[in-house]
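Enquirer: Residue 1 is where the sequence shown starts when you use the numbering used here, and the numbers rise one by one after that.
So that we are looking at the same thing, I have put the structure below in structure tokens.
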Amino acid sequence: LLRIDCPWCGTRDETEFRYRGDASVSRPADASPSDAAAAVYERANPLGWHREYWLHAGGCRQVLVVERHTLTHAIQSVAPVAPLDSSVPAPSADPADREGGGA
Ligand SMILES: [Zn+2]
């Protein structure tokens with residue numbers, strides 16, 4: 001089981017998250033149809049560190065970029081896709097405040 005350290009919610013179990021794909025692929029702006037299809041459907045299966053999108057579906061519903069080792073499942077970094085919005089109040093660091101919140 002992965003434990004992902006969400007910048008907003010703290011460290012949570014993998015079951016709260018949904019994998020949302022390879023974060024290292026971007027669709028070329030001027031791609032031919034076959035190149036565009038390749039960008040959507042063709043995926044590498046690398047051994048080692050891999051950047052992935054994960055949605056925190058059971059929490060803040062933010063999309064994160066997680067750098068995960070595909071063999072050991074160790075997580076090297078977790079970052080928001082967009083810069084943190086300072087106008088959004090930070091979640092409480094006290095776990096008691098998060099229990100039963102029912103997001
Ligand atoms: Zn979160």
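Cβ coordinates follow ideal geometry from the N, Cα and C atoms, glycine included.
Look up Glu14 in the DSSP assignment and say whether it is helix, strand or coil.
Expert: Glu14 falls in the helix class under three-state DSSP.
Enquirer: Would the C-beta of Trp8 count as close to ligand 1, meaning under 7 Å from any of its heavy atoms?
Expert: yes
Enquirer: Which residue comes first and which comes last in the beta strand (DSSP E) that contains Ala23?
Expert: Unbroken run through Ala23: none, as it is neither H nor E.
Enquirer: Answer with buried or exposed for His56, where buried requires no fewer than 16 other C-beta atoms within 10 angstroms of its C-beta.
Expert: buried
Enquirer: With contact counted as at least three CB pairs below 8 Å, one residue from each stretch, are the region 20-34 and the region 1-12 in contact?
Expert: no
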